[in-house]
Amino acid sequence: MNHTTLFLIAGLLAHVAQAQTFRASATNSKLDSLAKLAQRFTNNNQPDSLYALMGDDFKKAISMNRVKQVLRGINKEAGEWISLESQAVTGGVAHYKAVFKLMSFNFYISQDKQGKIYTYLFKPL
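Residue numbers for the sequence shown, in mature numbering (1 follows the signal peptide of the UniProt record, and there is no 0): -19 to -1, 1 to 106.
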């Protein structure tokens, strides 16, 4: 997967994220837990496990096959996901610096009312 495809996916996910009003009461620890699970499932190339964390709205917009493509691309282009560095939580969306072996990204994650992932977004630093 090339950078253009990755950013196209990021743009689609950003569009999905803007369509929802996020819960103001989302806790940092819950979002941190989701982010760490996402990191583990990405590093272990477990798209099924990652997709199981996604909410219905996310699944309506992004197919399982697309998530598989994104994980393959990230693993190939960026290497192992080394760390998450918390930056902020704004409007229920947690922002991290995602440090990979070969590059870093801004990473955004939020949850829906059921505690499932609503936003899952990588953007260039």
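Just so it is clear, CB atoms sit at the ideal spot from N, CA and C, and this is done for glycine as well. Note that the structure is predicted; figures quoted are calculated from it, not measured.
Residue i: which of the options sits nearest, CA to CA?
| i | options | result |
| --- | --- | --- |
| Ile34 | Pro105, Phe103, Leu106, Ile98 | For the sequence presented, residue 34 should be read as Leu rather than Ile. Selected option, being the one with the closest Cα: Ile98. |
| Lys11 | Lys41, Leu102, Ala75 | Ala75 |
| Asn26 | Gly72, Asn56, Asn9, Ser91 | Asn56 |
| Ser85 | Arg47, Trp62, Leu15, Thr100 | Trp62 |
| His104 | Ser14, Val51, Gly96, Gln95 | Strictly speaking, residue 104 in this sequence is Lys, with His absent from that position. Checked all of Ser14, Val51, Gly96, Gln95; the closest Cα to Lys104 is Val51. |
| Asn87 | Gly96, Gly72, Gly73, Glu66 | Glu66 |
Count the other CB atoms within 10 Å of the CB of residue i; is the residue buried (16 or more) or exposed (fewer)?
| i | result |
| --- | --- |
| Asp93 | buried |
| Leu31 | buried |
| Leu102 | buried |
| Ala5 | Its pLDDT being 38, under 50, Ala5 is placed unreliably by the model, and the measurement read from it follows with that caveat. Result: exposed. |
Going by DSSP, which residues form a beta bridge with residue i?
| i | result |
| --- | --- |
| Val80 | Ser64, Ser85 |
| Val74 | Thr71 |
| Thr100 | Ser91 |
| Met45 | Note: Met45 sits in no beta bridge, so no partner. |
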